[in-house]
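Notes for the one structure printed next.
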Amino acid sequence: MITDSTRRIGAGALIATGVLHLVLAPEYLGEQAYIGVLFILGGLTAAAIGARLWTRDDASAWIAGALVAVGMAVGFVLSRTVGLPGFHESEWELSGLISVVLELGVAGIAAAALRAPRHHGAVTA
Numbered sequence: 001m002i003t004d005s006t007r008r009i010g011a012g013a014l015i016a017t018g019v020l021h022l023v024l025a026p027e028y029l030g031e032q033a034y035i036g037v038l039f040i041l042g043g044l045t046a047a048a049i050g051a052r053l054w055t056r057d058d059a060s061a062w063i064a065g066a067l068v069a070v071g072m073a074v075g076f077v078l079s080r081t082v083g084l085p086g087f088h089e090s091e092w093e094l095s096g097l098i099s100v101v102l103e104l105g106v107a108g109i110a111a112a113a114l115r116a117p118r119h120h121g122a123v124t125a
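Dropping the structure here:
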């Protein structure tokens, strides 16, 4: 089991990347609508999972949070390298790099949380 502080750092990073995607969504809706929609869906999902992890250590939420975070990081890298359908950016914006750092941090903390021993049920002496 990871500490509450570590869990909250991971949850906070997931919430932060979710909020960042929601703030940037209008810009991307204007550039390529489906990218903007993905920003909204990813942002809402990340924030919701982060809120759950803020209050409890939940293996399912860690898995979902890691998948969302890694998916968003991969999407950013692909959009700057090989491009996405109808969308190819050449600039590696600071907001995107910050988001990737947060997302990879979430994935790392999720991996640690999922490897940690879990306590099920009451402990007896």
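Read the sequence shown against UniProt numbering and you will find it ends at 125, with the numbers running on by one and no gaps.
Note that beta-carbon positions come from the ideal geometry of N, C-alpha and C, so glycine has one too.
All values reported here derive from a predicted model rather than from experimental measurement.
Once you ignore the five residues that flank R8 on each side, which residues in its own chain have a CB closer than 7 Å to its CB?
W54
Considering only residues of the same chain and omitting the five flanking positions on each side of I49, which have a CB-CB separation below 7 Å?
L14, A61, A64, G65, V68
Within 10 Å of its beta-carbon, does V100 have 16 or more other beta-carbons around it, so buried, or fewer, so exposed?
buried
Using the C-alpha atoms, what's the distance from L94 back to V37?
21 Å
Delimiting residues of the alpha helix (DSSP H) encompassing D4:
4-31
Hey, G43 and L22 are a contact pair by Cβ (cut 8 Å); roughly how many whole angstroms apart?
4 Å
If the criterion is Cβ atoms closer than 9 Å, does the pair M1 and D58 meet it?
The answer is no: Cβ separation not under 9 Å.
Reference L97, options T45, A113, S79, closest by Cα:
S79
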